[in-house]
Each structure stands twice: as structure tokens, then as C-alpha cells.
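The sequence shown begins at 1 in full-length UniProt numbering and counts up by one. In this text, a Cβ means the ideal position worked out from N, Cα and C, and glycines have one as well. Every value quoted in this text rests on a predicted model; they were computed, and no experiment measured them. Data block below; observations after.
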Amino acid sequence: VLKGFPECLQADICLHLNRNLLENTSAFKGAPPGCLRALSMKFKTTHAPSGDNLVHRGDVLTALFFISRGTIEILKDNVVMAILGKDDVFGENPCSYSTVGKSSCKVRALTYCDLHKIFRDDLLDVLQMYPEFFETFSSNLEITFNLRD
């Protein structure tokens, strides 16, 4: 449905749908309005039922995940490494690594979850268009659990 609207209206709608994430995540503080609009267009909302595996050990880390609702567990060799919930972030900081990493852990939903994810390439493309914000984003991004192997 969204694709049927003009691009500027799509951006307004996406900005509205992602406003809580963009306003409440420290990594996005101080971002120029155009950057926030571009980022909001790149976010995908994912829903995961309880017991769903979101990331398997050895998977390529192509996206950064922001939890907006629900609880997940991070397992390594069937040992719980962490339990994350609302406003937590997992994946890896794409600004810190020149290559894509692989996951050292499995990530599984404990409850029904709503997640915002942004693909590494999309995030880096937007940050490349706003180089003045790149360093701020990279230093302010607080990854609750870094999955990189």
C-alpha cells in the first residue's frame, strides 16, 4: 500500500511509524531531519512468535535489530548468554567493521516480539549520504549484545 504513495508522503508515513525508535534510541540523537527521513524509509518491522529463531549461530550479520516489544534470549552452546527486551539492540555495529561478521550465538524469541531491523548496507548507504552524522551515530550506538563471532 505504501508504495502507491508519492515518495515524500512515504517518508512522512515511515517517519511517523518509526518515531518512537528514532526519538528513544541514543544513536539517532542529533541526526539531521533528512537523515532521519532516509533512515525511517529503510527500517523493516518484523514480528516473531514465541520460540521463533531470529538468528542462527554462523549466520551472516546482515542487519541490526532494535526490540520494540517482547523478550528474546541469546544462546551459545545451549547456555543463555543474555535476555533482552524493549529498547535493546542486537547485531553488530556496521561502522566498526569493514567486513560483514558471522553470529557467534543463536537468538530466539521468548515472547511475541516486534522488532525493527535495518540492513547493514542500507544503514551504511544513508550514513554515507550524511557523513557529518556518521561519527556521532557510530559512537552513540549502544549495542546491548554484539553477536559478532
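> From this set, S40, G30, N140 and T46, which residue's C-alpha is nearest E7's C-alpha?
Replying inline: S40
> Residues in its own chain within less than 8 angstroms of Y130 by CB, not counting five upstream and five downstream?
Replying inline: A31, P32, G34, C35 and A38
> Under a Cβ-count criterion, where at least 16 other Cβ atoms within 10 Å of its own Cβ denotes burial, should V126 be classed as buried or exposed?
Replying inline: buried
>> Please classify L115 as buried or exposed, where buried requires at least 16 other C-beta atoms within 10 Å of its C-beta.
In response: buried
> Does the beta-carbon distance from I67 to G85 come in below 8 angstroms?
Replying inline: yes
> What is the C-beta distance between E73 and R108, in whole angstroms, given that I count them as a contact (C-beta under 8 angstroms)?
Replying inline: 5 angstroms
>> Using the Cβ count rule (16 or more neighbours within 10 Å means buried), how would you classify R69?
In response: exposed
> If you follow the alpha helix (DSSP H) that L123 is part of, which residue opens it and which one closes it?
Replying inline: R120 to M129
>> My parser needs the beta strand (DSSP E) runs of 3 or more residues fully inside the UniProt domain "Cyclic nucleotide-binding" (27-127); what are they?
In response: 44-48, 53-55, 63-69, 72-76, 79-84, 89-91, 106-109 and 113-119
>> Looking at the secondary structure, which residues open and close the alpha helix (DSSP H) in which D149 lies?
In response: Counting along the chain, D149 falls outside any alpha helix (DSSP H), and DSSP gives it neither H nor E.
> How many Å lie between C95 and K102 at the Cα?
Replying inline: 15 angstroms
> Are L64 and L123 close, meaning C-beta to C-beta below 8 angstroms?
Replying inline: yes
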